[in-house]
Ligand code: NAP
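In our numbering, the protein residues as written are 123 to 601.
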């Protein structure tokens, strides 16, 4: 496994926290502590902010090609260390090694994509309609950024934010989730090796998020917040951004509907369901949360999905042949357990799974509940676990109405063989993304993000870099 100093990365240097504090990192497969890292406090965060502010001007002036080349080299280094990075992700987050390798490739691709975008920032030029003025439009880096990431994709959530920020010419302070600090520290080492100048990336690992983050948001020197996490925390941070009218991008929670029409190819729908539900043990913002299945095919779909789910092998992510690792921690597993108990109390049948296994680690078995009562708590809560909740519907209008009946709007999945219906329902779904006869939407080259309370802004794709650029209009008289 990669040898990490376990210290803060500030201004190109590995540092202990000013007050010497450290925090433990647990292996979710055992619940045991396997590493310690520095636990930053507010003073450390201010040092990181200072470094980012100092590095901003020279970094913005660094030729785009040079910025891109650094990201491209980092992409290559990440791929060359796929096995080591995958082991690190599995150790701190729990996902099976094969999935962790997939995350490494996905994470690296953000750097390659934004290395290519760095040289295509461009602008605009034209004569205004009155003929007396010209317009110059500049796209300039927004300035020092604060990036806050969750634990579920510890490497990819980092590259998805660092990639566009650095490509745009912004410096950053990254605060990863306390459960998974090691992947972010590994990224810092890789970017340094790739030639990133001191101060452009600073990583503060901390268990004191509120105390570390609030002064930066209210301080006036950070010019942009990019946050991925729960909607509740996103809302709180937006209120803190209000003080300085800080620009913010928010990738928040989801409550994805997965709609299976009676004309769907059921094999394809079950395959898609397995991916949309079980990727990352269900701990993904894109995870299918509510399966709406046409009444005429619901029993068949549920039986087939249950058969596939019960065949998945649960165990430590490091063990060969394991499909489903542990959940992130005890609180995450308790939440899933309580949601299942509530659904069962309201009449859901358990087709497979449904009980926490004994022994160490935060394992939860793949579970299928069908049919689920519409008022069950899990229909209004992000399950974040390997539980498929199946509900039935009778017609298209009802499916769309119920799918949209939620404050969230990140992604929806639609399975049908009818092109007309596929397009109609895609247009009517109140989500930022739709998976049409597929259970996967995430791709670094596509704009990822939600509507309603699932977020503000897009990450990845051509739009991703815009989140880190300001548009400046310059009026020039025609003489
Ligand atoms: P979370 O509790 O909101 O935490 C996310 C990050 O915010 C962590 O680094 C966390 O650190 C930090 N944080 C929490 N309270 C804070 C505060 N008061 N001030 C500053 N920072 C604070 O979410 P999570 O449980 O880690 O992640 C799961 C959530 O992320 C789910 O809702 C999921 O849908 C969402 N997610 C969304 C996307 C997307 O792209 N839309 C992608 C992945 C995940 P602490 O833990 O130390 O508080």
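Think of the CB as a built atom: it goes at the ideal place given N, C-alpha and C, for glycine as much as any other residue.
Small disclaimer: the values here were computed from a predicted structure and weren't measured.
Original post:
Residue range of the beta strand (DSSP E) that residue 217 falls in?
Top reply: Per DSSP, residue 217 belongs to no beta strand (DSSP E) and is neither H nor E.
**OP:** Assess, as a yes-or-no matter, whether the segment 197-208 is touched by the segment 219-231 under the definition of 3 or more beta carbon pairs within less than 8 Å.
**Re:** yes
Original post:
Assuming residue 346 and residue 590 make a contact with CB atoms under 8 Å, what is their CB distance in whole Å?
Top reply: 7 Å
**OP:** Using DSSP bridges, identify the partner residues of residue 296.
**Re:** 269 and 325
**OP:** Determine the direct distance from the alpha carbon of residue 268 to that of residue 164, and round the result to whole angstroms.
**Re:** 14 Å
Original post:
My guess is that residue 562 and residue 397 are in contact by the Cβ rule of under 8 Å, so how many angstroms apart are they, rounded?
Top reply: 6 Å
Original post:
For residue 529, which residues of its own chain have a beta-carbon under 7 Å away from its beta-carbon, when the five flanking residues on both sides are left out?
Top reply: 574 and 575
Original post:
What are the start and end residues of the beta strand (DSSP E) that includes residue 136?
Top reply: 135-137
Original post:
Is residue 484 near ligand 1, with its Cβ less than 7 Å from a heavy atom?
Top reply: no
Original post:
Counting pairs of beta carbons, one from the segment 427-447 and one from the segment 213-220, are three or more of them closer than 8 Å?
Top reply: yes
Subject >> For residue 178, the first and last residue of its enclosing beta strand (DSSP E) >> reply: Where residue 178 is concerned, there is no enclosing beta strand (DSSP E), although the alpha helix (DSSP H) it sits in stretches over 164-183.
Original post:
Is residue 144 near ligand 1, judged by its Cβ being under 7 Å from some heavy atom?
Top reply: no
Original post:
Counting along the chain, where does the beta strand (DSSP E) carrying residue 512 start and finish?
Top reply: 509-515
Original post:
Using the beta-carbon count (16 or more within 10 Å), is residue 156 buried or exposed?
Top reply: exposed
Original post:
What's the C-alpha gap between residue 142 and residue 161?
Top reply: 8 Å
Original post:
Distance, Cα to Cα, residue 603 vs residue 538?
Top reply: This structure does not reach residue 603, given that the chain is present from 123 up to 601, and the question cannot be answered.
**OP:** Check whether the Cβ atoms of residue 512 and residue 453 sit closer than 8 Å, and answer yes or no.
**Re:** no
Original post:
Are residue 579 and residue 352 closer than 8 Å when you measure CB to CB?
Top reply: no
Original post:
Where does residue 592 fall in DSSP's three states?
Top reply: strand
**OP:** May I have the straight-line CA-CA distance separating residue 410 from residue 394, to the nearest angstrom?
**Re:** 10 Å
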